[in-house]
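Since the structure comes first, as structure tokens, the remarks are kept for the end.
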Amino acid sequence: MAAKAFLLFVIAFFFLALSTTTSSAFNITKVLGQYPEYGTFNNLLSQTKLAEQISHRQTITILALDNDTISSIANRSTDELKKILMNHIILDYFDTLKIQKLGKKSAILTTLYQTTGMAMEQQGFLNLTRIGPGDVAFGSGVKGAPLVSKLLGSVVAQPFNLSVLHVSTPIVAPGFGDPVLAPPPPPGSKPPAPAPKKAEAPAPSEEEEGDDEGESPDGAPSPAPSADAPAADAPTKGKSPPSPKDADEEEEAEAPAPSASSKVVGSRIAAATVIGLVASFVAF
């Protein structure tokens, strides 16, 4: 009888210890308390009562902001601040190694804000995108929202319960207040490559330009040379000029023959002359 009672006590104690461990897997306030550079972030989790919700979950990933970065939203209203911070709490475990091994280039992650039932148009989701080797960015899951926050490194990793990742910029989903833009790159950093331009058509060569000038538009033939233009068979430089004899022969050969009307006029004049002479002889 005593042995059975002892056995029941051990079983009850085991389940009590298990339930206590399950309900309080870790204390996020104590975990972040070891890192002073995240002190403001840690305090805001406590002020908004989110630290308690986090500590009651078995698996969680927190996108933490350092003291300098979180100052851009620290003065917002408690309600607005709570919404923004809930979007930095992912309901799954992601460390840097798991992110790099993601098969997809992009992934949609569920945040604590999605559990409120007030999320509209994907406000309770985050967009994780690998934009290059070792280069990861986060943004709101709302369609068209930009990727504003870069993954800077890992702060805490307790597989597969708690992961705290350091990010560069607060992620403010549309409808949660004024967005926070990503900071400009530091001086001396390499600027992003410009978008590729469309290839331009190559300039025509000299031969092509000559061909274009020799032809009229629409395939029409080139205009005929004017009457003033020199003949194609004109003597070229280097040939001897024609001799005077040849020039006379060419002039005689080229002289036009008298027309028929000219012959008639000449005959009439000759006849009149003959008649005049005959008349003069008769008179004598």
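Quick note, the sequence shown lines up with residues -25 to -1, 1 to 259 if you use mature numbering (1 follows the signal peptide of the UniProt record, and there is no 0).
Think of the CB as a built atom: it goes at the ideal place given N, C-alpha and C, for glycine as much as any other residue.
Subject >> Residue closest to D110, alpha-carbon to alpha-carbon, out of T91, S143, T86 >> reply: S143
Original post:
Measuring CA to CA, which of Q75, V131, A26, A148 is closest to A94?
Top reply: A148
Original post:
Which partner residues of residue 260 appear in the DSSP bridge assignment?
Top reply: Missing from the structure shown is residue 260; the chain here goes from -25 to 259 and no further.
Subject >> Rounded separation between A132 and V139 - CA only >> reply: Spanning the alpha carbons of A132 and V139 requires a straight line of approximately 7 Å.
Subject >> 7 Å Cβ shell around T23 - same chain, five flanking residues per side excluded >> reply: T53, L56, K57, L60
Subject >> Cβ shell of F69 (< 7 Å), same chain only, five flanking positions each side left out >> reply: Taken in chain order, the residues that qualify are T36, S138.
Original post:
Which same chain residues, not among the five before or five after N2, have their C-beta less than 7 Å away from its C-beta?
Top reply: S30
Subject >> For L77, the first and last residue of its enclosing beta strand (DSSP E) >> reply: Counting along the chain, L77 falls outside any beta strand (DSSP E), and DSSP gives it neither H nor E.
Subject >> S138 - containing beta strand (DSSP E), residue span >> reply: Element bounds for S138: 137 to 142.
**OP:** Find out if the Cβ-Cβ distance for the pair M78, T86 is shorter than 8 Å.
**Re:** Here the sequence assigns Gly to residue 78, which means Met is not the residue at that position. Cβ distance not < 8 Å, so G78 and T86 don't count as in contact.
**OP:** Whole angstroms is fine: what's the gap from H117's alpha carbon to K80's?
**Re:** First, the amino acid is wrong: residue 117 is Val here, not His. For V117 and K80, the distance between alpha carbons rounds to 18 Å.
Original post:
If you draw a straight line from the C-alpha of R105 to the C-alpha of I74, how long is it?
Top reply: 8 Å
Subject >> Chain-order list of residues whose beta-carbon lies under 6 Å from that of N62 (same chain, five-residue window excluded) >> reply: T86, Y88, I146, A148
Original post:
What are the partner residues of T34, as DSSP defines its beta bridges?
Top reply: DSSP lists no partner for T34.
Original post:
Among residues of its own chain, excluding the 5 on either side of L38, which ones have a beta-carbon nearer than 6 Å to its beta-carbon?
Top reply: H63, L140, V142
**OP:** Give me whichever residues DSSP pairs with L84 in a beta bridge.
**Re:** L101
Original post:
Looking at the structure shown, is Q28 part of a helix, part of a strand, or coil, going by DSSP?
Top reply: helix
Original post:
Taking the Cβ atom as the reference point for each residue, do L122 and F113 lie within a distance shorter than 8 Å?
Top reply: In contact: L122 and F113 (Cβ atoms closer than 8 Å).
Original post:
For L66, which residues of its own chain have a beta-carbon under 6 Å away from its beta-carbon, when the five flanking residues on both sides are left out?
Top reply: T85
**OP:** Check I45 in the structure and name its three-state DSSP category.
**Re:** helix
**OP:** Using three-state DSSP, classify Q133 as helix, strand or coil.
**Re:** strand
Original post:
Taking DSSP as the reference, what is the three-state secondary structure of I64?
Top reply: strand
Original post:
Considering only residues of the same chain and omitting the five flanking positions on each side of T71, which have a CB-CB separation below 6 Å?
Top reply: S129
**OP:** For A39, write down the residues that DSSP places opposite it in a beta bridge.
**Re:** H141
Original post:
Measuring from the CB of G92, is there a heavy atom of the ligand MN at a distance below 7 Å?
Top reply: Ligands in the displayed structure: none, and consequently the ligand MN is not present.
Original post:
Apart from the five residues on each side of it in sequence, which residues of its chain come closer than 7 Å, Cβ to Cβ, to F135?
Top reply: Correct list, in chain order: T34, Y68.
Subject >> Through-space distance from Y13 to N50, alpha-carbon basis >> reply: 16 Å
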